[in-house]
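Below: the structure, in structure tokens.
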Amino acid sequence: MKGKTLGIHAYGHVGRLVAGIAKGFGMKVLAFDPFIPAEVIQKDGVEAVNSVEELYSSSQYISLHIPSNEKTRNSINFDLLKMMPQGATVINTARKEVINEDSLLKLYSERPDFVYISDIAPGNAEQIAAEYPGRSFFTPKKMGAQTAEANINAGISAAQQIVNFFEKGDTSFQVN
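Start counting the sequence shown at 0; every next residue gets the next number (numbering that gives the first Met the number 0).
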């Protein structure tokens with residue numbers, strides 16, 4: 000990995016940790032996050048870039064950490080991905096909804112060098128595996144959150160939400 004460039008798309012807590020690991024492998028690390036000042040990114044020894052286009056066009060590897068919301072759903076699309084250099088790899092540990100799956104298929108058909116890795120399989124995972132073998136890696140579900148600590152924290156959070164409902168009528172996390 001030494002000498003390669005990793006782009007961090009969203010420089011929150013996880014993005015910072017990934018940047019630290021990548022720097023330990025001798026990688027150049029770039030980051031884009033419209034909510035984090037460039038000075039904060041740069042103080043970690045990471046180069047802040049001004050746009051997602053600059054991030055993607057300058058990085059052989061992209062690590063996604065963006066949330067899924069109205070602005071980010073399907074935002075990782077063909078036009079953005081095609082900017083990446085030859086031998087590009089996108090690693091999605093964010094949400095599958097941020098990837099435009101039709102764009103992913105189009106890119107696979109036009110770029111035999113492209114690899115996509117995700118901790119949750121896209122809806123078209125079987126088609127990708129059949130048509131482009133060896134160029135994608137998916138886990139069956141978000142396995143990264145399946146630790147004892149994560150499960151304990153989820154249980155505590157659920158219990159606190161129930162208490163807040165009965166004590167305060169708080170329905171912030173009501174599902175239906």
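No residue lacks a Cβ here, since even glycine has one placed at the ideal position from N, Cα and C.
Buried/exposed call for SER108, threshold 16 Cβ in 10 Å: By the Cβ neighbour-count rule, SER108 is exposed, with fewer than 16 other Cβ atoms within 10 Å of its own.
Whether ASP32 touches ALA9 by CB criterion (7 Å): Cβ distance < 7 Å, so ASP32 and ALA9 count as in contact.
Backbone CA spacing between VAL13 and HIS64 [nearest angstrom]: 7 Å
Burial state of ASN175, where buried means 16 or more other Cβ atoms lie within 10 Å: Model confidence at ASN175 stands at a pLDDT of 46, short of 50, so the residue's coordinates are unreliable; what they give is reported in the following sentence. Exposed, because fewer than 16 other Cβ atoms sit within 10 Å of the Cβ of ASN175.
Distance between ASP169 and ASN163 (C-alpha atoms, nearest Å): 6 Å
Residues bridged to ASN91 [DSSP beta-bridge criterion]: LEU63 and SER117
For PHE34, the three-state DSSP class (helix, strand or coil): coil
7 Å Cβ cutoff, ALA47 in contact with chain B: No chain B appears in the structure shown, which is made up of a single protein chain.
Whether SER74 touches VAL48 by CB criterion (7 Å): no
Coil, strand or helix - LYS70 by DSSP: Collapsing the DSSP output to three states places LYS70 in coil.
ILE127: first and last residue of the uninterrupted beta strand (DSSP E) it sits in: Under the DSSP assignment, ILE127 falls outside any beta strand (DSSP E), being part of the alpha helix (DSSP H) whose first and last residues are 124 to 130.
Separation of ALA147 from MET0, as counted between CA atoms: 31 Å
Nearest to ALA21 (by Cα), restricted to the options VAL51, PHE34, SER62 and SER56: Distance check between ALA21 and each of VAL51, PHE34, SER62 and SER56 places SER62 closest, using alpha-carbon atoms only.
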